[in-house]
Amino acid sequence: MDVLAVLNLGEFPHIFSKMGMFPVFDLAYYIVSILYLKYEPGSVEVSRKSPVASWLCAMLYCFGSYILADIMLGSSPIDYFQHNSHILLASAVWYLIFYCPLNLFYKCVAFLPVKLVLVALKEVVRTRKIAAGVHHAHHAYHHGFLIMVIVGYVKGSGVALISNFEQLLRGVWRPDTNEILNMSFPTKASLYGAILFTLQEAQYLPVSKSTLILVFTLFMATSKVVMTARHSHGSPFALIESWVCHLLFGSPLGGSEEDHHHAAAAPSSPLKTKEELSEGARKRKAKKAE
Numbered sequence: 000m001d002v003l004a005v006l007n008l009g010e011f012p013h014i015f016s017k018m019g020m021f022p023v024f025d026l027a028y029y030i031v032s033i034l035y036l037k038y039e040p041g042s043v044e045v046s047r048k049s050p051v052a053s054w055l056c057a058m059l060y061c062f063g064s065y066i067l068a069d070i071m072l073g074s075s076p077i078d079y080f081q082h083n084s085h086i087l088l089a090s091a092v093w094y095l096i097f098y099c100p101l102n103l104f105y106k107c108v109a110f111l112p113v114k115l116v117l118v119a120l121k122e123v124v125r126t127r128k129i130a131a132g133v134h135h136a137h138h139a140y141h142h143g144f145l146i147m148v149i150v151g152y153v154k155g156s157g158v159a160l161i162s163n164f165e166q167l168l169r170g171v172w173r174p175d176t177n178e179i180l181n182m183s184f185p186t187k188a189s190l191y192g193a194i195l196f197t198l199q200e201a202q203y204l205p206v207s208k209s210t211l212i213l214v215f216t217l218f219m220a221t222s223k224v225v226m227t228a229r230h231s232h233g234s235p236f237a238l239i240e241s242w243v244c245h246l247l248f249g250s251p252l253g254g255s256e257e258d259h260h261h262a263a264a265a266p267s268s269p270l271k272t273k274e275e276l277s278e279g280a281r282k283r284k285a286k287k288a289e
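Take the sequence shown: its letter number 207 is residue 206 in numbering that gives the first Met the number 0, and every next letter is one higher.
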């Protein structure tokens, strides 16, 4: 007990939940977001042909969740662009990742040990955004629990939800990548996190908000770091989701039995992330051009 008192561990969740995100955590969020943008097909070509379109795509990757949440809550979608320091910081990151001589900045932040640290810091921001979205919706719609969940969900994964619109700016249209149809781990986790924070906001969850923020941040950061290190796009929720979907909807993840027979017959291949696949395709295209 004396050791805990000296370390003041009881106050750590509160201190952590009040910790400022700017500039260190926000910088990591912008770097990882724009790094993933560079992995997308056609993004490098767009940055050469139309820097304005490339910059707009980068801003959507960095601030898309705020834009979408503001639209849903009846605010101006450009409200967040009044924060000049955030816009300048994100713009500087965009410029360095796409236009730094010899690609030095990109190579540094894409170096796996550095990238793992940045990914962990990004998840701190994501959790804080989910909690802030639920809290904001709670003030606007005090008993609108569904609205709280939706706004928190959008704040945590808004970038993915508007990815099809961002694709139009890059001249790419891939409706099959719709995040609602093919939910990635961060999108699913944002939804589950929004539900937890809504229950806490409505006082149905017997835990303080600061403790929930700390626990959920640790879960998200650990999961993303492990998945990034292993180059995996799997989900820690897969087993539970498979069981629940089989119980409620008759098949794992809502797929048909025929789909699963085809999947079982298909040869296994190493898992690659979306970013790796896009990067590989871009490199092959560059070699052909040579």
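All residues carry an ideal CB built from backbone N, CA and C; glycine is no exception.
Would you mind reading off the limits of the alpha helix (DSSP H) that contains residue i?
i    : result
T197 : F184 to E200
S32  : V23 to Y38
Q166 : S162 to L168
S222 : K208 to A228
E178 : That residue, E178, is in no alpha helix (DSSP H); it is neither H nor E in DSSP.
D69  : P50 to M71
Sorted by chain position, which residues of the same chain lie with C-beta nearer than 7 Å to residue i's C-beta, five sequence neighbours on each side aside?
i    : result
V150 : A68, M71, L72, G132, V133, H135 and A136
E257 : Residue placement at E257 cannot be trusted, given a pLDDT of 37 that sits under 50; the coordinates are not used to answer.
V171 : P40 and G41
Q199 : V206, K208 and L211
M219 : E122, R125, T126 and A188
Can residue i and residue j be called in contact, C-beta distance under 7 Å?
i    : j    : result
V118 : T227 : yes
R169 : C61  : no
T210 : T126 : no
L120 : F24  : yes
V92  : Y29  : yes
S42  : L36  : yes
Y79  : Y94  : no
Y140 : I146 : yes
S234 : F184 : yes
Can you give the beta carbon distance from residue i to residue j, rounded, assuming they're within the 8 Å contact cut?
i    : j    : result
L313 : E178 : What the structure shows of the chain is the stretch from 0 to 289, and residue 313 is not part of that stretch, so it cannot be assessed.
V158 : M20  : Going by Cβ atoms, the distance from V158 to M20 rounds to 16 Å, so no, they are not a contact pair.
K128 : K154 : 4 Å
S90  : W54  : 7 Å
F144 : A201 : 6 Å
Among the residues of its own chain, which have a CB less than 6 Å from the CB of residue i, if the five just before and after it don't count?
i    : result
K223 : V118 and E122
A52  : V45 and L168
F97  : S46
Let me know the secondary structure DSSP gives residue i once reduced to three states.
i    : result
M18  : coil
F236 : coil
P12  : helix
L111 : helix
I96  : helix
L204 : coil
H142 : coil
G249 : coil
W242 : helix
H135 : helix
V171 : coil
H85  : helix
I77  : coil
G41  : coil
S90  : helix
S46  : helix
S231 : coil
Given residue i, which residues of its chain have a CB within under 8 Å of its CB, disregarding the five upstream and five downstream residues?
i    : result
V148 : V133, L190, A193, I194 and T197
A263 : Any reading at A263 needs caution, since the residue's pLDDT is 37, under 50, leaving its predicted position unreliable; the model's value is listed next. Once the five neighbours on either side are set aside, A263 has no close Cβ partner at all.
P12  : S207, S209, T210, I212 and L213
R173 : N163 and Q166
S84  : F21 and P22
L59  : I66, V158, I161, F164, E165 and L168
S75  : D69
T176 : S162, N163 and Q166
Beta-carbon of residue i versus every beta-carbon of chain B: anything under 7 Å?
i    : result
T221 : No chain B appears in this structure, which consists of one protein chain only.
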